[in-house]
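Student: Numbering (our numbering), first residue to last: 448 to 642.
Ideal Cβ positions, reconstructed from N, Cα and C, are used throughout, including at glycine.
#1: Quick check: the Cα distance between residue 466 and residue 478, rounded to an integer number of angstroms?
#2: Look up residue 517 in the DSSP assignment and say whether it is helix, strand or coil.
#3: Enumerated in chain order, which unbroken segments of the beta strand (DSSP E) with a length of 3 residues or greater are wholly contained in the region 479-528?
#4: Whose C-beta lies closer than 6 Å to the C-beta of residue 546 among residues of the same chain, with five residues either side of it excluded?
#5: Quick one: give me the first and last residue of the beta strand (DSSP E) that residue 586 is part of.
#6: For residue 599, is the classification buried or exposed, using 16 other Cβ atoms within 10 angstroms of its Cβ as the cut-off for buried?
#7: Any idea if residue 501 is buried or exposed, counting beta-carbon neighbours within 10 angstroms, 16 or more meaning buried?
#8: Could you please give the first and the last residue of the uninterrupted beta strand (DSSP E) stretch that includes residue 471?
#9: Using C-beta distances below 8 Å, list every residue in its chain close to residue 472, excluding the 5 sequence neighbours before and after it, in chain order.
#10: Which first and last residues belong to the beta strand (DSSP E) in which residue 573 is found?
#11: Using the C-alpha atoms, what's the distance from residue 584 back to residue 603?
#12: For residue 464, I'd like the list of residues in its chain whose CB is within less than 7 Å of its CB, leaving aside the five on either flank, ordered along the chain.
What follows is the structure, encoded as structure tokens:
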């Protein structure tokens, strides 16, 4: 914990760092030398990302890639710390996380991390990809089911997340089967009226 506080204190402006978490189930691990030791299909992966954009609340906020302080991954006995996270080509490209009026993540755009500068518990070369952790030094992998771009799988530090039916990446409500049915009925009625 003191290591984490030291890293946070190195940031220029500390208003209130927040922790966002992503959990998912490992669905595939290569057989043989490419398997990360003690990581198995069915294990739960937990990715924690510490961010600080200079604000002290979660309400309607945006965090850029430069607001990410560090990330950690834990699954099975594998653990990795990612600092610095990204190479300079990502900086300034787009927002990383957005929260809505309730302080819930409604946009997530987590990029692959830079394996040249990050480390895991086997050495250097830890990479977080869209749906995999990679130990690039030893060429080992583990894959999970869902994308890090799915905001419904991210939780804020209070353990709260947006429901799939309430959100999508464009901020437009996702049509439910009942809405789609009503829309179809509406089109059918219009066709009948036009005839």
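Tutor: So, from the listed chains and residues:
#1: Along the chain shown, one-based indexing puts residue 466 at 19. Along the chain shown, one-based indexing puts residue 478 at 31. Near 33 Å, if we compare the C-alpha coordinates of residue 478 and residue 466.
#2: As a first step, residue 517 is located in the chain shown; it is residue number 70 there, counting from the start. Correct three-state label for residue 517: strand.
#3: Within the region 479-528, the complete beta strand (DSSP E) runs of at least 3 residues are 491-498, 509-511, 515-522.
#4: Sequence index remark: in the chain shown, residue 546 carries index 99 (1-based). Around residue 546, the same chain offers 505, 508, 552 as residues with beta carbons nearer than 6 Å, after the five sequence neighbours per side are excluded.
#5: Indexing the chain shown from 1 puts residue 586 at position 139. Where residue 586 is concerned, there is no enclosing beta strand (DSSP E), given that its DSSP letter is neither H nor E.
#6: Counting from 1 along the chain shown, the entry for residue 599 is found at position 152. Per the 10 Å Cβ criterion, buried.
#7: Here residue 501 is taken as the residue at index 54 of the chain shown, counted from 1. Residue 501 is classed as exposed because its beta carbon has fewer than 16 other beta carbons within 10 Å across all chains shown.
#8: Within the chain shown, residue 471 is the residue found at index 24, counting from 1. From DSSP, the beta strand (DSSP E) with residue 471 extends over 465-475.
#9: The sequence position of residue 472 within the chain shown is 25, counting from 1. The answer, listed in chain order, is 489, 490, 491, 492, 591, 592.
#10: Position 126 of the chain shown, counted from the start, is the residue given in the question as residue 573. Start and end: 573-575.
#11: The count along the chain shown starts at 1 and reaches residue 603 at position 156. The count along the chain shown starts at 1 and reaches residue 584 at position 137. For residue 603 and residue 584, the distance between alpha carbons rounds to 32 Å.
#12: Stepping through the chain shown from its first residue, residue 464 is reached at position 17. Excluding residues within five positions, the ones whose Cβ falls inside 7 Å are 455, 497, 498, 499, 516.
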